[in-house]
Each structure stands twice: as C-alpha cells, then as structure tokens.
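A.B. asks:
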Amino acid sequence: MLPGNEEICNLLSLAANQWRVGFGGAYGLDLNTIIAMADCLGIEKNQSFFEKIRIWEREVLKIWEEQRKTGDNERCNEKKKSQCKLEFGEFFEWACSKCKKKLTKESGDDADDT
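Heads up, the sequence shown is in this note's numbering, so the first residue is 2 and it goes up one at a time.
(1) Hey, out of GLY23, ARG69, MET38 and SER98, whose CA is closest to GLU8's CA?
(2) Can you check DSSP and say which residues form a bridge with LEU22?
(3) If we call anything under 7 angstroms between Cβ atoms a contact, is ILE35 one with ALA16?
(4) LYS82 by DSSP, collapsed to three states: which one?
(5) What does a CB cutoff of less than 6 angstroms around ASP111 pick up in its chain, not counting 5 residues either side in sequence?
(6) Residues in the same chain with beta-carbon distance under 8 angstroms from LEU62, minus the five sequence neighbours each way, listed in chain order, please.
(7) Is GLY5 helix, strand or coil by DSSP?
(8) For GLN19 and LEU12, I'd like the C-alpha separation in whole angstroms.
(9) Would you identify the three-state DSSP class for ASN11, choosing helix, strand or coil?
(10) Determine the direct distance from the alpha carbon of ILE44 to that of ASN6, and round the result to whole angstroms.
(11) Just reading off the alpha helix (DSSP H) that PHE50 is part of, what are its end residues?
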C-alpha cells in the first residue's frame with residue numbers, strides 16, 4: 002500500500018458491501034454511504050479522496066469483469082477446488098459437501114443443511 006492511502010483502504014475495506022448492483026452485476030459504489038462512512042471516520046473529503054475512490058472502484062470493476070469473461074467467478078471450478086483443497090486440507094470433502102448443499106438449496110431444492 003502506498004503511503005497516504007491507509008485511510009482510503011480502511012474505508013473501502015469497511016464499505017465492501019456498499020456496491021450498487023443491477024441485473025448485470027455491480028456497477029459502482031454507493032457514494033452516499035461512502036461519504037457518510039468517511040464522515041464517521043473523520044476522513045477529509047477532497048479531490049484526492051474522490052480520485053482515489055474512483056480509481057479503486059474502476060480497478061475492482063475491471064477485475065470482476067475479467068472474472069466474468071474467464072468464468073473465474075463460478076462458484077465451483079477446478080481452480081476454486083484447488084484453492085479450497087489448500088484452504089481446507091483434510092476437511093476439503095466436508096467443505097465441498099456443504100457448498101454443494103448450499104448450491105442445491107439456492108437452486109430451489111429443499112435439501113437439509115446437516
């Protein structure tokens with residue numbers, strides 16, 4: 002992280018769920034909420050503040066768009082399975098079964114969550 006960006010990074014970390022979303026996915030941050038949060042945190046809102054917010058927003062949207070294009074945003078593909086195996090180790094099969102049950106529930110099946 003570059004010096005001088007700590008406040009913005011902390012703010013955006015806290016505001017991770019403050020995206021405006023349409024049928025095509027997220028398209029921008031909810032700036033009303035970002036500004037209110039900045040006020041609560043005592044962050045000065047000047048031109049630099051808004052430039053940093055826009056740069057970060059644009060970069061995140063680029064990453065998400067690339068993930069959509071490559072299919073890397075799928076919930077379960079080989080790359081994600083490899084990541085889960087590293088993360089969950091010996092508990093991978095258990096974690097994978099929980100994920101499958103969740104996906105089944107979301108698709109409308111009423112499988113139990115045990």
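Glycine included, every Cβ here is placed at the ideal spot set by N, Cα and C.
C.D. replies: Checking against the coordinates, here is how it stands:
(1) MET38
(2) For the record, residue 22 in the displayed sequence is Val; it is not Leu. According to DSSP, which records beta bridges pairwise, VAL22 is partnered with ALA27.
(3) yes
(4) helix
(5) Residue placement at ASP111 cannot be trusted, given a pLDDT of 49 that sits under 50; the coordinates are not used to answer.
(6) If we look at LEU62 and ignore the five residues flanking it on each side, its Cβ neighbours are ALA27, TYR28 and GLY29.
(7) Correct three-state label for GLY5: coil.
(8) 11 angstroms
(9) helix
(10) For ASN6 and ILE44, the distance between alpha carbons rounds to 11 angstroms.
(11) 48–71
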